[in-house]
Every structure is written in structure tokens, then in C-alpha cells.
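Residue numbers (this note's numbering), protein chains in the order written: chain A, 51 to 470; chain B, 51 to 470; chain C, 51 to 470; chain D, 51 to 470. Glycine is no exception: its CB is placed at the ideal position from the N, C-alpha and C atoms.
4 protein chains.
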Amino acid sequence: MGMVYDVFKKEIFDDLPGDMSIGHVRYSTAGSSQLKNAQPILVDCARGPLAVAHNGNLVNARLLRSDLEARGSIFQSTSDSEVIVHLVARSKKAGLEAAIAEALRRVKGAYSVLAMDTTSLIAARDTCGFRPLCLGNLKGAFVVASESCAFDIVDAKYIRDIEPGEVLVINRSGIHSFSLGNTRPSGASMCIFELIYFARPDSIIFGRDVDRVRHKLGATLYREAPVKADLVIPVPDSSNAAALGYSHESGFPFEMGLIRNHYIGRTFIEPSQTIRDFGAKIKYNALKTALNGKRVVVVDDSIVRGTTSRKIVKMIRNAGAKEIHMRISSPPITHPCFYGIDTPTRKELIASTHTLEEIRKYLRVDTLHYLSKEGLVNAGGGNAREYCLACFTGKYPISLRVGFDKHYHDRKQGSITLKV
Amino acid sequence: MGMVYDVFKKEIFDDLPGDMSIGHVRYSTAGSSQLKNAQPILVDCARGPLAVAHNGNLVNARLLRSDLEARGSIFQSTSDSEVIVHLVARSKKAGLEAAIAEALRRVKGAYSVLAMDTTSLIAARDTCGFRPLCLGNLKGAFVVASESCAFDIVDAKYIRDIEPGEVLVINRSGIHSFSLGNTRPSGASMCIFELIYFARPDSIIFGRDVDRVRHKLGATLYREAPVKADLVIPVPDSSNAAALGYSHESGFPFEMGLIRNHYIGRTFIEPSQTIRDFGAKIKYNALKTALNGKRVVVVDDSIVRGTTSRKIVKMIRNAGAKEIHMRISSPPITHPCFYGIDTPTRKELIASTHTLEEIRKYLRVDTLHYLSKEGLVNAGGGNAREYCLACFTGKYPISLRVGFDKHYHDRKQGSITLKV
Amino acid sequence: MGMVYDVFKKEIFDDLPGDMSIGHVRYSTAGSSQLKNAQPILVDCARGPLAVAHNGNLVNARLLRSDLEARGSIFQSTSDSEVIVHLVARSKKAGLEAAIAEALRRVKGAYSVLAMDTTSLIAARDTCGFRPLCLGNLKGAFVVASESCAFDIVDAKYIRDIEPGEVLVINRSGIHSFSLGNTRPSGASMCIFELIYFARPDSIIFGRDVDRVRHKLGATLYREAPVKADLVIPVPDSSNAAALGYSHESGFPFEMGLIRNHYIGRTFIEPSQTIRDFGAKIKYNALKTALNGKRVVVVDDSIVRGTTSRKIVKMIRNAGAKEIHMRISSPPITHPCFYGIDTPTRKELIASTHTLEEIRKYLRVDTLHYLSKEGLVNAGGGNAREYCLACFTGKYPISLRVGFDKHYHDRKQGSITLKV
Amino acid sequence: MGMVYDVFKKEIFDDLPGDMSIGHVRYSTAGSSQLKNAQPILVDCARGPLAVAHNGNLVNARLLRSDLEARGSIFQSTSDSEVIVHLVARSKKAGLEAAIAEALRRVKGAYSVLAMDTTSLIAARDTCGFRPLCLGNLKGAFVVASESCAFDIVDAKYIRDIEPGEVLVINRSGIHSFSLGNTRPSGASMCIFELIYFARPDSIIFGRDVDRVRHKLGATLYREAPVKADLVIPVPDSSNAAALGYSHESGFPFEMGLIRNHYIGRTFIEPSQTIRDFGAKIKYNALKTALNGKRVVVVDDSIVRGTTSRKIVKMIRNAGAKEIHMRISSPPITHPCFYGIDTPTRKELIASTHTLEEIRKYLRVDTLHYLSKEGLVNAGGGNAREYCLACFTGKYPISLRVGFDKHYHDRKQGSITLKV
């Protein structure tokens with residue numbers, strides 16, 4: 051466990067034999083952060099050694115696990131991803147690609163999956179295409195990654211996205227792919243939050259340039275709710291691009307009015323797949339001289355519980371800001387995610403239980419504006435049907451009746467009926 | 051991993067809830083010494099949490115594992131014992147005792163097994179009764195252990211041995227037992243090496259007082275091959291009792307002529323279930339003044355490869371002994387064990403490839419005598435049919451044709467056909 | 051060893067008794083990064099327990115150490131700071147403040163020092179005032195820190211700087227201070243590199259607002275060497291403020307055209323007191339869409355060896371930039387620092403051995419401009435006499451003849467004669 | 051910290067350069083068992099690197115430390131041995147041997163010392179000769195050890211003891227020695243407890259064969275207090291030799307009636323320099339069949355608090371012994387040791403506060419006999435003047451008035467005036 055560069059030192063790489071490998075840096079959303087839940091899951095089964103890495107969240111994992119256990123399977127972890135491994139181990143299909151396809155047709159939910167045996171490496175994406183996965187080329191070798199920025203580090207070239215429902219097979223004969231088949235008629239349901247917050251700005255995600263999309267989110271924010279101000283500041287670093295877009299559109303000067311503490315230790319490094327809600331953990335500091343007496347637009351990417359935003363606003367106010375205008379580069383989050391993003395329950399989401407004006411008062415800002423859904427989708431460069439907007443709308447792409455088992459949420463959700 | 055008192059500190063015991071527990075200090079004979087092979091094996095399965103500890107060696111584990119893997123089971127360790135867990139997890143029988151019995155009827159070989167779920171604790175012994183297992187009483191509670199000396203430490207009382215083929219069930223209703231049924235017509239096949247070397251001298255094993263049996267082995271050694279000598283010394287500490295028996299029978303004074311170094315560090319602590327063959331690892335030292343100019347009888351419990359015995363003899367000779375008479379309190383070991391004792395392959399066993407006289411010359415002793423099989427069985431207080439004497443005779447109680455898979459030996463064994 | 055929040059967990063703080071404490075997060079510049087060189091140095095001596103933390107570098111430490119060792123002192127570390135502890139332990143003065151003063155009058159070089167015994171806490175700064183040290187108030191208690199941003203985290207108020215040559219004593223009677231006495235006639239020699247690069251932008255250092263100073267550095271850079279461009283980008287994050295100053299002065303749009311990887315693991319966290327020269331270690335990535343076809347001004351704070359700047363330029367060029375104009379918010383570094391900043395030897399400093407045009411060609415930029423010394427001092431808001439500019443001028447405030455012993459440098463320096 | 055074979059693995063030895071080395075496995079008697087108190091103490095001082103290992107206890111260490119600290123020395127440990135290092139570091143004498151001699155002439159108490167710099171290795175013994183130290187030859191190289199049994203392990207030859215007050219110097223020119231000079235007129239004061247208990251039986255100590263001495267102790271025990279019995283048992287393993295001596299003299303059969311548990315974990319390994327008083331920690335078990343109905347002589351080497359002996363007696367009684375005759379191969383311990391053996395305070399010593407009959411009743415034995423002082427000295431083969439018998443007599447060879455500082459004892463001792 052730990053950071054990649056701390057764990058995989060040069061000696062370890064030098065000792066790795068073979069010409070094929072997979073890795074994973076998931077902060078698991080189902081299954082707590084223990085070593086036994088680390089991925090890739092590596093097992094010996096009748097097929098020989100098998101490794102599987104999974105990004106996303108399976109909504110019928112609990113049902114499938116119960117069924118597998120009733121038939122005698124013994125699970126080694128609490129991770130939803132292990133279901134895939136057991137389904138592959140039990141498959142009667144010859145060849146890894148057929149077994150993987152059979153397993154993936156049984157699981158429901160969000161997954162970008164890598165699997166490997168001694169002869170082939172398989173990359174697959176669920177039919178909704180919730181999570182990104184892309185293919186690249188490194189000096190003639192194929193590489194697969196969640197985000198294209200990973201290619202830049204090793205000087206690999208981005209080729210294309212793995213398609214929703216595509217199973218891509220890489221082996222010594224080359225590369226080929228086939229479809230899982232049951233693609234949703236309505237097309238994909240890509241997680242738009244990847245564009246708003248998760249993905250790195252230097253990535254191409256779902257075919258979009260993340261940095262440019264965020265600039266547009268910021269520009270749209272200004273057009274949707276103009277205000278007079280002296281400067282624009284981001285909540286660094288995830289809102290930098292949106293704040294720059296706002297600054298360029300509005301003409302108000304951009305400032306790094308909040309300084310982020312990078313020396314915060316392992317304890318406070320935020321999980322990459324969690325909607326930020328760091329409470330008082332991660333420390334910011336406000337630049338007093340820069341903000342004193344100013345009318346300030348603060349651009350942030352989202353509000354979850356609202357507690358952190360409130361602390362940031364207070365910090366800016368204490369630095370002497372005369373007016374504070376909060377601009378959020380996404381619509382209000384009103385519903386939890388069941389497809390791989392760690393969100394609190396519905397009643398903890400401030401936008402689910404409070405009106406815009408109530409939130410504004412709670413945050414103690416002069417004005418507050420959330421980006422509209424239309425503005426969001428337009429900036430994303432597509433149409434609403436391509437994206438999963440469930441956290442803003444409650445319209446879930448996969449019926450939760452069949453096999454919904456995000457157990458730590460469903461009990462709390464009570465009688466809420468969630469449906470497409 | 052480590053010594054019991056170092057690992058299970060008071061704080062750990064204080065934190066243990068419940069009123070039932072099992073533990074294990076096995077040096078695994080099949081499956082290397084890794085944490086993942088530590089026992090009890092603890093899994094979650096459809097029956098809930100299940101713990102299994104196993105002493106012995108299963109001869110059809112590899113066949114069963116292949117079969118289970120072909121049906122989709124995923125093993126977590128390289129231990130033969132895990133087969134039992136998977137058989138229980140797949141059993142359709144209601145209740146742990148029925149499931150355990152079903153599993154144990156499928157495995158072949160040597161096992162003393164403890165299993166536990168949340169409601170009952172089960173103790174079982176294979177139908178040959180290779181390994182010991184006994185029942186005790188601690189202030190009204192039942193305790194089960196491989197050797198009765200464990201009871202003494204906690205002031206528990208020895209009640210009786212678990213019988214070969216018996217499945218004993220302890221739960222809130224009390225205690226009851228039933229038979230696995232297919233007991234061998236010829237009776238038990240208890241490992242006589244437990245009496246010669248493995249068991250602690252302060253234990254009751256197979257209903258025999260180990261210390262008294264070893265005294266008789268030593269006395270018999272003198273009667274079988276009398277010699278004139280000035281003193282008798284053991285190879286401490288496993289041969290102490292036999293050497294004392296020899297001394298009392300012969301009238302020659304007993305001396306601790308070899309000093310054993312107890313401060314030898316974790317690295318050199320010898321596995322308890324391995325026939326000693328410590329090479330130059332564990333250090334002895336010879337008492338020069340005591341041995342100088344003397345005719346010395348050296349009593350040891352067994353000779354495996356002969357290399358250590360040769361070193362010990364040299365040490366005694368260098369201390370000035372005038373004559374050295376080696377007496378071994380067991381017959382020549384000519385065949386490997388497949389029932390839980392870690393022995394080298396046949397060609398590494400000196401007695402399998404050399405005559406008595408060749409061994410005597412190799413060891414450089416004046417005379418050499420191994421205990422006769424009759425002397426051994428008589429000292430053991432039973433008849434030859436009760437015991438497994440396979441390591442001295444090559445007559446294996448369980449046919450190795452059906453399911454023999456001691457894989458690290460069978461390949462080396464080549465064309466040897468081993469049979470009852 | 052490690053990050054503060056990882057090492058000092060809540061349990062540790064909860065167990066700390068007393069009402070006074072000192073800590074230290076120095077990356078030692080003299081003495082390698084080992085646990086035994088960690089500070090505060092804590093010893094038991096005739097005065098009782100004594101703790102000392104030291105920021106800076108002593109130029110006569112080696113001479114003093116030899117002298118102390120010749121008189122029988124035994125050092126426990128390789129740190130120059132331990133000399134102070136031994137001088138205090140040997141002092142005949144009554145009271146910690148007198149002993150500390152006596153010790154500090156003997157050491158030469160740069161130091162901001164904290165010392166503590168069971169009754170008082172002492173803060174002192176060398177007579178040149180190389181390194182910052184400031185006093186704050188936290189709910190009636192006194193706090194001392196190198197940078198005022200530390201006060202913000204705990205909601206303490208900045209009161210004032212400790213003066214060059216001041217010894218400040220805090221104990222139960224309150225606070226008082228006195229002067230070490232031998233203040234240089236020419237006044238202080240504050241390290242101007244603290245303003246350019248080391249200090250956090252949210253700090254007040256030497257009475258200056260660091261963020262505002264850096265904005266001025268950037269604005270001055272534009273005025274000194276105007277150029278036509280489409281956008282301005284910083285090398286994040288240390289050049290953010292200067293790049294913003296440049297953008298505001300020039301009117302060219304600001305962009306975060308380089309993305310910094312914050313998830314780089316412990317191995318690659320850069321020492322805070324080292325002039326950045328991370329080689330290929332810390333990864334940046336360039337935003338292709340943002341930079342493609344653009345005339346780009348890149349603002350960086352300094353160039354040491356030039357190797358990293360060259361890599362960054364290449365990255366920007368590969369992203370499609372049409373023109374690259376490099377602007378450095380400090381003058382060329384031509385001489386090593388002996389007062390606490392870890393710089394390479396003179397011949398490794400690119401500006402010491404190459405002309406401006408040679409450096410421009412090496413970096414492969416279209417134009418290159420370093421800030422002038424006048425521009426630097428003006429932005430710093432003072433006059434040249436207040437600052438140490440030795441790394442730009444070679445004029446060292448403390449004669450290196452008396453006691454110069456930065457041993458890993460002096461041998462390499464050869465015949466260079468360095469003098470005030 | 052840990053066992054030698056666990057800490058000094060082959061890789062470590064392979065990496066050691068040079069042709070001279072010293073090591074130490076002391077359980078420190080002054081200074082608690084912490085890594086910083088581990089020896090050899092290794093420091094850098096004006097003489098260069100210096101290593102010192104010390105066996106014994108200095109009675110004026112606290113006085114000397116206070117004096118050194120008052121003069122500015124800073125100690126790194128709580129060990130009394132560090133005083134020697136500081137005295138050497140402060141010595142003005144040229145050459146290590148002169149400096150060591152000067153230092154040793156200032157310390158009082160028990161010491162066998164090894165010291166090493168880059169050119170010579172020095173072995174020295176205090177003028178009383180409390181602790182053993184011997185010289186050996188290993189293929190032409192010189193080796194020094196506390197006990198000769200260490201030589202046997204590496205096939206070195208015992209040459210002679212280092213004499214009381216001798217300083218032996220080994221360097222490239224060969225070997226030479228000189229005397230510290232102030233030898234006590236009355237001769238040596240060798241610790242007779244080394245012969246009774248501490249030394250390994252396979253060692254030559256003070257020129258005596260330890261095993262033979264202990265046989266004589268046992269034989270003398272029988273002659274001093276004959277009794278009728280069926281068998282003789284030792285408290286293993288430290289009393290084995292004395293019990294054998296008793297058995298040979300009396301003609302009563304010897305039995306290993308108590309089994310010692312060797313698998314007791316790191317926690318319970320007894321310090322080699324502590325008089326055994328393991329309470330209930332180290333587990334023995336009694337052989338029921340062997341002892342049942344018998345008249346048993348139990349031979350032990352000493353009684354400290356009596357609590358353990360009482361537990362052992364109870365165990366033997368529970369095993370069915372008809373009579374128990376306790377024989378102790380040393381006189382009653384009535385006074386604490388200040389020369390390197392960790393003993394409890396006087397009032398915790400059962401023989402200091404109880405009569406023989408009271409002890410017999412407390413232990414619940416049928417008869418009890420302690421060896422006489424005359425019997426002890428005769429078995430030791432010398433005269434009373436050669437030995438330190440202070441723990442039996444209270445006559446301390448070194449006046450405790452001058453510099454007595456065994457601080458954890460003196461406060462408890464109150465007004466006791468201890469004198470030669």
C-alpha cells in the first residue's frame with residue numbers, strides 16, 4: 051500500500067520478468083482500504099494464474115457473491131471486483147476472452163476492466179461506458195489506461211477510447227476486439243463528473259480535452275450569471291481551469307487567492323475517486339493582501355455537504371474580501387452515485403435538502419450560482435443522452451431494482467425507489 | 051509468524067471475544083512456511099465464518115484440488131489443508147458436523163483436524179489414527195490438543211484420546227461423537243515416530259507415557275547389543291530419556307557430555323515436525339574433561355542422512371573419547387513418510403543406500419546398533435499392527451496409487467512402487 | 051522521519067505533557083538526511099534536558115567541532131547544529147539564555163535558532179539575519195516560526211520578526227529580549243531567495259508580503275524585456291505569482307499550461323530548502339490544446355543547472371507552441387550559497403560558465419531574460435544593503451577565510467577566493 | 051536487538067571490511083534494555099572512531115558521569131559503560147592503550163573490557179578480576195572472549211585467562227600487555243557465581259573446568275547432608291551437572307524429572323547475567339510416571355526470592371513424589387551484588403530475611419540443605435581469598451563508600467552501611 055513511486059522502486063521493476071503487465075491504483079469505493087482489497091486481484095485457478103483490475107462499481111455484486119458462495123466459492127476480500135474473478139474461474143468457456151465476456155455479461159454496473167493470463171491481456175468497458183478507458187501505443191507496444199495523461203508520462207501516443215461494451219484482446223497475434231452485445235439502445239452513459247472534476251486536465255476523456263471543457267464550464271458560468279467583481283479565484287487545483295475560463299470570459303483578473311498546502315502527509319492525500327469533502331483536513335490559506343477590500347468570484351467544481359465550502363468562504367472573508375460570489379461549475383448534486391464515485395447518502399447532500407437560497411445563506415456568500423444542466427452538457431460537447439447525469443437528476447441508467455446492492459447505502463435510503 | 055508467546059501477547063487475548071477458539075502451531079510439511087499458509091485457515095463462506103486447523107498430510111490433496119479448481123474453486127494458499135475447507139464450503143449438508151464428515155470421507159491420508167464455526171467446535175482424527183489428538187477438561191470446559199503436555203500448562207486434565215475415525219462435536223448442548231465409518235479392518239496405524247522422537251516426554255500419546263517408552267527403548271538397546279563402557283551420553287535433549295534408560299539398565303554412569311546451545315536465534319529453531327537433520331546449524335559442544343580417555347556410549351533417537359551424527363561423533367572424538375559406541379533408539383529409516391513427517395527422499399536416507407557396516411564406517415564409531423523393530427514395538431507396548439512402521443519397512447498403510455500426490459517427492463521417487 | 055502529519059499523529063500530541071515545545075522540519079543542508087541528524091537535537095547535560103533546533107548553516111562548524119573534540123566532546127551526529135549544543139553544554143554561564151548567547155557569539159554563519167530547557171524557550175537570529183524568524187500570539191501564548199503562514203494554520207496572529215542579532219527569551223515571567231551585540235555595521239543581509247522562491251506566498255517574510263513581491267517581480271520582468279505573446283504560463287507552483295504579475299502587467303492571458311503531478315510519492319517530494327533542480331524526477335505535463343500554435347511566455351523563478359528548464363521547454367515545444375519566451379524572476383545564479391541553501395558547486399551553475407546567449411541556445415527558447423538585480427531589489431521593497439545577494443554577485447557577507455568549512459564544497463572550489 | 055544469529059546474518063558479515071572486530075551480547079545490568087544502550091559503544095572522537103564493550107558494573111559511574119557532564123560532556127545513553135568512552139575521549143595521553151589505562155584507573159568496580167580503534171584491539175580486566183576474560187588462538191589470529199566455550203564454536207584454542215589488572219594490546223606488531231598496577235594486595239576477587247550458575251558448563255573459567263566444579267558441588271551436597279532417596283533430578287539445565295555429581299556420589303539414579311519448555315518465545319528468554327528468578331514465566335513440566343511415589347532429591351543452583359522454587363516443588367508434589375529433598379549447590383544468598391549481577395534488594399532475598407527452617411517450610415520440602423561456603427570454595431578448587439563471596443557474606447571487595455552509585459539499589463537500601 052502506498053504511492054506508486056514509493057512501492058514500485060526500480061529494483062522491483064528490474065526483477066519483473068515477462069512482456070505484459072497490469073497495475074492498479076484504485077481507491078476502492080466498495081470494500082474498505084485494506085491490503086487484501088488491493089488490485090489487481092491475482093489468483094491461481096484451473097486456468098492458471100489470472101489477474102483482474104477493475105475501476106467502477108458493480109451494482110449486483112452482492113447478489114452474485116451470495117449465489118457463488120451458495121455454490122461453494124470462497125471469497126478472499128470484501129471487494130465487489132472479486133465477483134468477476136470467481137465468474138471467470140467457474141466459466142466453462144475455453145480461452146480467457148470468452149470466459150471474461152461471459153463473466154462481464156452477468157455483472158451489472160460500472161466497470162473498466164483489465165484482465166490478464168499468461169497469454170493475453172484483455173481490456174473491457176461496460177455497455178454504458180461509465181468510466182473511461184483508452185488505448186495507446188508505446189514504441190509498437192499497446193498500452194491501456196483510464197486517462198490519456200498516463201500515456202504522456204511514458205511518451206506513449208493516444209490512439210482511441212475503448213468503446214462502451216467493447217472487449218479488446220491483446221496477445222502475441224496482435225489486437226482484436228468484439229462487443230459484449232447488449233449495448234443499451236439509448237447509447238452510452240458516460241460519467242460527466244469525470245469531465246467536471248475527476249480526470250486530470252491534461253487528459254483526453256471520452257474524446258474530449260478536459261482542460262478545454264473546464265474552461266467552457268467557467269465561461270458559461272459567467273454568461274449564465276454575470277456579476278461585477280475585482281478578481282476571480284479558483285479553489286485550487288481542481289477548479290483552476292474553470293476559474294481561468296471565467297476570468298477570460300469576464301475580463302476580471304485571475305488570482306491564486308487560495309494557497310494549497312502540498313506538504314500534508316500521507317494521511318491527508320485525498321482519494322482520487324472521491325468527491326472532495328475534506329472537512330478541515332486539507333489546509334488552504336487565503337492571501338490577505340491580494341483579497342483585502344476586493345469583490346471576489348470564487349469558482350469551485352462542486353458542493354457536496356457544503357461544510358468545506360463554508361470554511362473556505364470564511365477564510366476569504368477573514369482575508370478582507372468585500373463581496374464573495376460563489377460559482378459552481380456543475381449543477382446541484384442531489385443524488386448519490388452507485389457507479390463508482392464515493393458520495394454520501396442523499397440526506398447528507400446539501401442540495402438534496404436545501405434550496406439555493408438556503409445554501410447561499412449557509413455558505414454566507416453574496417451570490418451563489420450553480421451551472422445549469424444545459425450549460426454543463428453543452429460544454430461537454432455532446433448531448434444529454436450520452437452522459438450519466440444521475441447525481442444531478444436521480445435518473446439512473448441502470449435499474450437499481452435488479453441487483454442493487456450498494457449495501458452501505460441501500461439500508462439508509464429506505465423507501466426511495468430509484469429507477470431509469 | 052513467530053513463537054506463540056511473542057505473537058499472542060496478553061493484549062491480543064484480552065481483546066478476543068467469545069467462548070470458543072482454536073489455534074495452531076504447525077510447521078507445514080506440504081506448503082512452504084509463508085504467512086498465507088498459517089493455520090487455522092479462516093474463511094467466510096455461505097455457512098458464515100469457518101476455521102480449520104490440520105495436523106498431518108493428505109495424500110490425495112493435489113487430485114482433489116485439481117478437481118475443485120476445475121469446478122471453479124479458487125485456492126488462497128499452497129497448503130494441502132485448504133482442500134478440506136473447500137470441500138466443506140461446497141458441501142450441501144446442513145450443519146457443520148455433517149459437512150465436515152462428508153469432507154473428511156473424501157480426503158485420504160493423515161489428519162488430526164479441528165474445525166469451528168460460530169456454534170460448534172469439531173475435533174476429528176483420520177481412520178488410521180496417524181497423528182495424536184486428545185481431549186481434556188479445564189474447569190468444566192472441554193479442551194483438545196495434539197499432546198497431553200499442553201493440558202498441564204493450563205492445569206487441564208487429560209480425559210482420553212480422540213479415537214481413530216472419530217468425529218467429536220463440542221457445542222452449547224455438550225459433547226457427542228460419531229464415527230467416520232470406514233475404519234480400516236486392520237485397526238489403527240499410529241505413527242510410532244511420535245513415541246521415538248516427536249512427542250514431548252511429558253505427554254501421554256496413544257495412551258502411552260512417552261518418557262517411560264523411551265526409557266524402555268534405551269534399556270532394550272543395551273540388552274540387544276551389550277558393550278563395556280565408562281559412561282553413557284545422550285544427544286540432548288530428544289535422546290535424554292533413552293540414554294537414561296540405557297544407563298539404568300547397563301549401570302554405566304550417565305553424563306550430559308554434549309552441551310546444547312539454547313541461544314540460537316529464530317533462524318535455527320528446529321521445526322517440531324521435522325526429523326532432525328540440522329547439519330551444522332544447531333550447535334553442540336562436547337565436555338572435554340568429562341569425555342577424555344573414556345569409553346562412551348552415545349544414544350541418539352534416529353539417523354536420517356548421517357551428516358549430523360558424523361559431526362557429533364567427530365566432536366566427541368576430539369574431546370578425547372577412547373571408544374565411541376553409537377546406539378540408535380529406532381530401526382534404520384529406509385523409506386520416506388507421506389503422512390506428515392518431513393523426510394528427505396529415499397536416496398538421501400543413509401540407511402536406504404548403505405549397509406550397517408558402511409554406516410558405522412561413515413560415522414567413524416567403534417560399534418553401531420539400531421534398535422530392532424521388535425524391540426521398538428515391544429517398548430511401545432503394543433503390537434506391530436497398531437503402528438505405522440512405514441519409514442522402517444516401506445509398508446504404507448494407505449495405498450499410494452489412489453491419489454498419491456506428495457508432489458515434491460513423487461517426481462524424485464521415479465519408478466519406486468509403494469504399496470500396502 | 052516523514053511528513054509532520056504522518057509522524058505526529060493525534061495520539062502522540064495527546065501524550066505530550068507540559069506547556070512548551072519546539073519542533074523542526076529541516077531538510078539539513080550540512081549533514082545528510084538521517085534520523086540521527088533530525089532536529090531538535092535533544093540531549094541530557096549537566097543543565098538537564100536541552101533541545102535545540104537550527105535553521106541555516108554555520109560556516110565555522112568544522113573548526114569548532116575539531117576544537118571541541120580535541121577537548122573531549124563526543125558528537126552524536128554529522129550535523130553542524132550539534133556544535134551549538136556542545137558549546138551550551140560546556141558554557142560556565144548560569145542560565146540558559148546566557149549560555150546560548152555565549153554559544154551563538156562563537157558560531158559564524160546563518161542561523162535562526164530555537165532552544166529550550168525545562169524553564170525557558172529561546173529564539174535567536176544571527177546578526178546578518180539571513181534566515182527569517184517571526185513571533186506570533188496564539189490565545190495569549192507566544193509562538194515562533196520561520197514563516198508567518200504557520201501562524202495562519204493555527205489561527206495565531208503575526209506580531210513581528212525576531213530582529214537580526216536578537217535573542218528572545220520566553221518563560222513563565224513573560225518575554226524579554228537582548229542583542230547579541232556585534233551586529234554588522236552595514237546592517238542585515240537577509241536572503242533574498244526566500245522572497246523569490248523559498249517562502250510560501252502566503253507568508254510575511256522580512257516584513258514583506260511574499261505574494262505581492264513576486265507579482266512585482268513578474269511585472270518588472272515584462273517591463274524590462276517586453277515581447278508580443280498569446281499567453282503567459284508559470285512553472286507551477288513556485289512561479290504562479292510572478293507569472294500572474296507578468297500577465298496583469300502585459301495583459302496577456304494567464305494559463306496553467308503545465309500540469310504538476312501531486313501524486314509523486316515520498317521519494318520525490320522536494321526538500322523545501324533546496325534550489326529546485328529536480329532533473330527528470332518531478333513530472334509536469336503540458337496542455338496540448340491550450341499551447342498549440344501559441345506564442346508562449348514561460349515564467350520561472352530561477353535556473354540552476356538548466357537541465358530541468360530545458361526539459362520543460364521541450365515539453366512545451368512538443369505541445370505545439372509557436373514561440374517560447376523564457377522569463378526568470380531572479381538574476382543569473384553564479385555563486386554557491388554557504389548560508390543554508392543547498393546549491394551545486396560553481397562550475398555546475400549554468401550562469402557561472404555560460405553567457406546569456408549560450409544559455410538561450412541550450413534551453414532552445416526564442417528569447418530569454420533574467421530579472422536585473424535592481425529590478426529584484428526594488429520589488430523586494432528595500433535597498434541592496436539589506437539583502438544577501440551573494441549567489442548573484444559572489445559578494446559574501448561573512449568572510450569565508452575565518453572558519454569556512456562547507457567541506458563538501460570547499461575542496462571542489464579550489465582556488466576561488468571568496469571575500470566580503 | 052535480538053539473538054546474534056538473527057541479527058548478524060551472513061550478508062552482514064560478508065559486508066564487514068577490515069581484519070579486527072569486537073562484539074557484545076550483554077544484558078545490561080545498569081541501564082535498561084534499549085537499543086541506545088547496546089554495545090559496543092561506537093563513537094567518533096578526536097582520536098577517530100572508537101568502540102568499547104564492557105561486561106560488569108562500575109560502582110562509581112554516576113559520580114564520574116556527573117563530573118564529566120559538569121565539564122561539558124554529553125552522554126548518549128544511560129549505560130555506566132559510556133563513562134569509559136568519555137574518559138578515553140578526554141584523555142590527553144597519546145595512543146589508545148595509554149588512554150584506556152588512564153580511564154580504567156579512574157573507574158571502580160567490575161569490568162572486563164574490550165576497546166578498539168583503527169589500529170589496535172585492547173582487552174582489559176579489573177584488578178579484582180570479578181568477571182572472566184580469556185585469550186585464544188584462531189589459525190594464528192588472536193581471539194578474546196568472556197568464556198572459553200565461544201572458542202570451541204569457531205575451533206579456536208584456549209591459551210590463557212587475561213589476568214586481573216592486565217591490559218592486553220593486540221595490533222599488527224603482535225601482542226603485549228602491562229598491568230594497571232594497583233592490584234589489591236589480597237589478590238583477586240573472582241565472582242564464584244560464574245562457576246555456580248552463569249558460565250556455560252563447557253567453559254574453562256578462572257582456569258577451572260566449570261562442569262567438573264559443578265559435579266563436585268553436587269557430590270559435596272550429598273556428603274554434607276546425606277539422605278535416603280529413590281532418584282535425583284535437576285532443575286534443568288543449569289543444575290544438570292550438580293545433580294549428576296550428586297547422583298554419582300550417592301548412587302541414586304539420575305532422572306530428567308522436570309521437562310523444560312524450549313519453545314518459549316523471545317519474551318521469555320532469560321537474560322544470561324541475571325540470577326534466575328523467572329516467577330511463573332518459564333514453564334517446566336514434571337514427569338508424573340517417573341516421580342509418582344518416589345523419594346526425590348531436587349538439586350538447584352540457588353534460591354533468590356524463593357517463589358519459583360516453591361512452584362517447582364508444588365509441581366513435583368502434584369506429580370506424586372512421596373518425599374522432596376531440596377539441595378542447593380550454593381550457600382544462602384543474603385546480599386545484593388554490585389559488580390554486574392542483577393539481584394533484587396536485600397529484603398527481597400529470602401535467605402536474608404528468613405531462617406533455614408522458615409525457608410524449608412515456605413518451599414514445603416521435607417529437607418533443605420544449602421552448600422556450605424567451605425564446600426563451595428573447595429569445589430572451586432581455590433581458597434576463599436581468591437573469590438568474591440559478597441552475595442553470601444556481605445563482605446564487598448570494593449568499598450562502597452567511595453563512589454557507590456548503583457542508584458536503583460542504594461535508595462532502597464536505606465541506612466545499610468556496606469564495607470569491606
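Inter-residue Cα distance where the pair is residue i and residue j
i                     : j                     : result
residue 386 (chain B) : residue 63 (chain C)  : 60 Å
residue 92 (chain D)  : residue 107 (chain D) : 19 Å
residue 123 (chain C) : residue 102 (chain D) : 16 Å
residue 344 (chain A) : residue 358 (chain C) : 37 Å
residue 152 (chain B) : residue 448 (chain B) : 19 Å
residue 395 (chain B) : residue 274 (chain B) : 29 Å
residue 73 (chain A)  : residue 399 (chain A) : 33 Å
residue 382 (chain B) : residue 310 (chain D) : 29 Å
residue 154 (chain A) : residue 292 (chain A) : 37 Å
residue 180 (chain D) : residue 240 (chain D) : 4 Å
residue 347 (chain B) : residue 373 (chain B) : 8 Å
residue 416 (chain D) : residue 410 (chain D) : 7 Å
residue 90 (chain D)  : residue 251 (chain D) : 26 Å
residue 379 (chain A) : residue 368 (chain C) : 30 Å
residue 100 (chain B) : residue 85 (chain B)  : 18 Å
Residue span of the alpha helix (DSSP H) that contains residue i, given as start and end
i                     : result
residue 133 (chain B) : 132-140
residue 107 (chain A) : That residue, residue 107 (chain A), is in no alpha helix (DSSP H); its beta strand (DSSP E) goes 98-108.
residue 411 (chain C) : 406-413
residue 423 (chain B) : 423-430
Identity of the residues DSSP links to residue i by a beta bridge
i                     : result
residue 436 (chain A) : Beta-bridge pairing links residue 436 (chain A) to no other residue.
residue 284 (chain D) : D:349
residue 120 (chain B) : The partner list for residue 120 (chain B) (beta bridge, DSSP) is empty, contrary to what the question assumes.
residue 217 (chain B) : B:174, B:228
Contact check, residue i vs residue j, beta carbons under 7 Å
i                     : j                     : result
residue 149 (chain D) : residue 130 (chain D) : no
residue 365 (chain D) : residue 418 (chain D) : no
residue 296 (chain B) : residue 268 (chain B) : yes
Element boundaries [beta strand (DSSP E), containing residue i]
i                     : result
residue 159 (chain D) : 159-166
Cβ-heavy atom distance, residue i to the ligand SAH, below 6 Å
i                    : result
residue 66 (chain B) : Here there are no bound small molecules, and the ligand SAH is not part of this structure.
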